[in-house]
Structure formats: C-alpha cells, structure tokens
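**Student:** Questions regarding the structure given below will be posed in turn.
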Amino acid sequence: MSKQNQSFQELNLCNSFLFAAALEQPEICRLVLEIILGHKVPQVKVHAEHSVLVSSDFRSVRFDVYASDKLRVAYNVEAQNENEGNLPKRSRYYQAEMDVSSLGPGADFNELRSGYVIFICTFDPFGMGLYRYTFEERCLECDLPLGDGTRKIFLNTKGRNSADVPAELVHFLGYMEKSTDAYVSEVTDQSIIQLHERVTELKKRRKLEARFMTGEELMMQRERKGRQAGLAEGKAKGFTEGKANSILELLEDCGTVPESLKTKLYEQKDADILTRWLKLSARVTTVEQFTEQM
976 MSKQNQSFQE LNLCNSFLFA AALEQPEICR LVLEIILGHK VPQVKVHAEH SVLVSSDFRS
1036 VRFDVYASDK LRVAYNVEAQ NENEGNLPKR SRYYQAEMDV SSLGPGADFN ELRSGYVIFI
1096 CTFDPFGMGL YRYTFEERCL ECDLPLGDGT RKIFLNTKGR NSADVPAELV HFLGYMEKST
1156 DAYVSEVTDQ SIIQLHERVT ELKKRRKLEA RFMTGEELMM QRERKGRQAG LAEGKAKGFT
1216 EGKANSILEL LEDCGTVPES LKTKLYEQKD ADILTRWLKL SARVTTVEQF TEQM
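Numbering-wise, my numbering puts 992 at position 17 of the sequence shown, and it's gapless, one number per residue.
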C-alpha cells in the first residue's frame, strides 16, 4: 500500500501529521530532542504545526514542531519524506524566520536565541551514509567557530555508520519508519518504549483520526483539481495547436504564405494570428504589411 493510501492506524512516525501530534506533548518533544542532540534538554514549550508569518509580502513558514526551552534555545524539528533537493537552503530560510520572529523591534542582537533546525529524513540528504549530519558556521581558514549559536542537523534513517552514533539514535531513526509493536519489542531503550506508548495512545483517538482523514481528503481533492486543471489546459493547448496546424496546412496548400513569414508563423503557432493572416493573405505579402494590418 502506498504511503498516500495509508490508514491512520498504519501511519509511521515519519508521517508529518503523526509526528507533529506526538511531539505536541512537551515531554515527548524533550525526549526526542535529547535523543537527537545527545545531551539533556530542559523543559520545553511546544507549538506543533506552528506557522511563522513575518510580513504579508513574504512567504510564511510552517514548522512541523517549533519548541523553545527555559534556556531560550529554539528548535524547529521536521519529518521529511521527499527529497526535493532544497534542504540546505530551506534550513537557511527557516533559521532566518526563527531569528526574525524571536527578536523584537529595537532589541539587542545578543538577545537572539540559540537555535537548532532539525530535519529527520527518510532518505540520505548528502549521500555519505551517515545517520547524522551536523553543520555550524566556522572559519574556513582556521576552523574557528563563528559562535552565532545556530546549528543545522540532518538525520538519515538510511544511515550505515551505526558504530559512530549512539544506539539509541539508530533505534529512534529505525522507529521513525517502523512504528510498530514488533519493532519496539526488539529494542530495550526506555525512550523508544515511551515514544511508542505515545504513538499507540494517539492512534486510539477517533477525533485525531477524523482530522487526519479530513486532511487527506482535502489533499486528494486538491490533487484531483490540479490534474483536472492540467488536463483542461492540455486540451486547450492541443486544440489551439491543432487549429494552428490546420490553418498552416491550408495556407501552404493555397500557396499564400511568403517565405519571409513562414518561419515566424510556424514558431508562433498562434491560431488567432494565423486566422488573421488567412483573412489578410490576399492583401499582404510581407511581415511589415501584416504587422500594420494587425
């Protein structure tokens, strides 16, 4: 069964809807952050599916999970299932949005929060086989950290370097794609067990399932409308090109298309222009005359 046709009960944690719902609970969000970062995280405040709109003139950003802790550290955590080839630039944009939204007018730049942009990918975003890629600003000449307080972390469920990262992180990334009783029975990490208890509890909520199904239906409707619009546009384009070709053939048969215009007319394939040329062809023979008549 394709991921798009999965029922709510069959969802894995890598599904953005379930992921946001699970991490909406502050304790679970803190737990996941600790697994990813490898250190203790203080109590966090969570905004699941949080939208940031700095100005109506610019695009807004919807974060799957946006959180901040008592030490004023901000976290944006997202589950990514499609490799669109834009994650580096997206991470840059997300960090900028987080910074702008956290700094009030007239505030000192030193008040900017430290921030983590975290993508949990079901694909290898950089093709190096690592479970975790961590980036921060550093000097190219002497490897000196810039110290701007930001880090970008890309996790890869398809990693191959299990000896280089904590087993708990490997198990967590495995759970992202296999959120099942069978998988959890094979691991001993209390954090994964606790996370699975949260996921299991969420799947029992009928209202949440209804929200998911409604969202899926809306997405399917948008896809259907998009396909229908594409078909209609294709038919219209096909009709126009077909009409243009028919007119060109008629003009060729009549011998009324001067060589000076033939290339131009074939390039444009515009039925309206060709129709006008057909009507004017008895009176004009050059591009200049045709343009004047138009």
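Even for Gly, the Cβ is constructed at its ideal location relative to N, Cα and C. On a predicted model such as this, the values are computed, not experimentally measured, just so you know.
How big is the Cα-Cα spacing for GLN984 and PHE1147?
**Tutor:** For GLN984 and PHE1147, the distance between alpha carbons rounds to 19 Å.
**Student:** I'd like to know if LEU1062 contacts chain D, where contact means its C-beta is closer than 7 Å to some C-beta of that chain.
**Tutor:** Absent here is chain D; the protein component of the structure consists of one chain.
**Student:** Counting Cβ pairs closer than 8 Å, one from the region 985-1003 and one from the region 1052-1062, do we hit at least three?
**Tutor:** The region 985-1003, when compared against the region 1052-1062, does touch it at the 8 Å Cβ threshold.
**Student:** Three-state secondary structure (DSSP) at GLY1090?
**Tutor:** In this structure, GLY1090 counts as strand in the three-state DSSP scheme.
**Student:** Taking PRO1141 as the reference, which of PRO1120, LYS1153 and ASP1164 has the closest Cα?
**Tutor:** Out of PRO1120, LYS1153 and ASP1164, ASP1164 has the C-alpha closest to the C-alpha of PRO1141.
**Student:** Between the beta-carbon of ILE1003 and the beta-carbon of ARG1173, is there less than 7 Å?
**Tutor:** In contact: ILE1003 and ARG1173 (Cβ atoms closer than 7 Å).
**Student:** Please determine if the region 1113-1131 and the region 1088-1100 are in contact, where contact requires at least 3 C-beta pairs separated by less than 8 Å.
**Tutor:** Contact holds: three or more Cβ-Cβ distances are below 8 Å.
**Student:** Can you tell me the Cα-Cα spacing of VAL1019 and LEU998, whole angstroms?
**Tutor:** Each residue's Cα considered, the two are about 11 Å apart.
**Student:** Pick from ASP1074, ARG1047 and THR1097: whose alpha carbon is nearest that of GLU1059?
**Tutor:** Among ASP1074, ARG1047 and THR1097, the Cα nearest to that of GLU1059 is on THR1097.
**Student:** Quick check on ARG1113: does DSSP put it in helix, strand or coil?
**Tutor:** Strand, per DSSP.
**Student:** In chain order, what residues of the same chain lie with their CB nearer than 7 Å to the CB of LEU1104, ignoring the 5 residues before and after it?
**Tutor:** According to the sequence shown, residue 1104 is Gly rather than Leu. Contacts found: GLY1134, ARG1135 and ASN1136.
**Student:** What are the start and end residues of each continuous beta strand (DSSP E) run of 3 or more residues lying completely inside the region 1125-1201, in chain order?
**Tutor:** Counting only runs of 3 or more, we get 1125-1131.
**Student:** So the alpha helix (DSSP H) GLN1070 belongs to, where does it begin and stop?
**Tutor:** Looking at the DSSP string, the run of the alpha helix (DSSP H) that includes GLN1070 is 1062-1077.
**Student:** Going by C-alpha distance, which of VAL1162, SER1166 and TYR1158 is nearest ASN987?
**Tutor:** Per the Cα distances, TYR1158.
**Student:** Candidates GLU1009, ASP1139 and GLN981: which alpha carbon is nearest GLU1166's?
**Tutor:** Before going further, note that residue 1166 is Ser rather than Glu in the sequence given. For the residues GLU1009, ASP1139 and GLN981, the minimum Cα distance to SER1166 belongs to GLU1009.
**Student:** Suppose you measure from the CA of ILE1168 to the CA of CYS1114; what does that come to, to the nearest Å?
**Tutor:** So the alpha carbons of these two residues sit roughly 41 Å apart.
**Student:** Taking the alpha carbon of GLY1122 as the point to measure from, which residue in THR1175, GLY1081 and GLU1111 has its own alpha carbon closest?
**Tutor:** That would be GLU1111, whose Cα lies nearest to the Cα of GLY1122.
**Student:** So, using beta-carbon positions, are LEU1062 and PRO1017 closer together than 7 Å?
**Tutor:** For LEU1062 and PRO1017, no; Cβs fall outside 7 Å.
**Student:** With H, G and I counted as helix, E and B as strand and the rest as coil, what does DSSP make of VAL1007?
**Tutor:** Residue state, collapsed to three classes: helix.
**Student:** How about ALA1049 and ARG1088: do their beta carbons lie closer than 7 Å?
**Tutor:** Cβ atoms of ALA1049 and ARG1088: closer than 7 Å.
**Student:** Tell me the rounded alpha-carbon separation between ALA1082 and MET1073.
**Tutor:** Approximately 15 Å between the Cα atoms of the pair.
**Student:** Looking only at its own chain, which residues have a Cβ that is under 6 Å from the Cβ of PRO1100, when we skip the five neighbours before and after it?
**Tutor:** Correct list, in chain order: LEU1062 and PHE1129.
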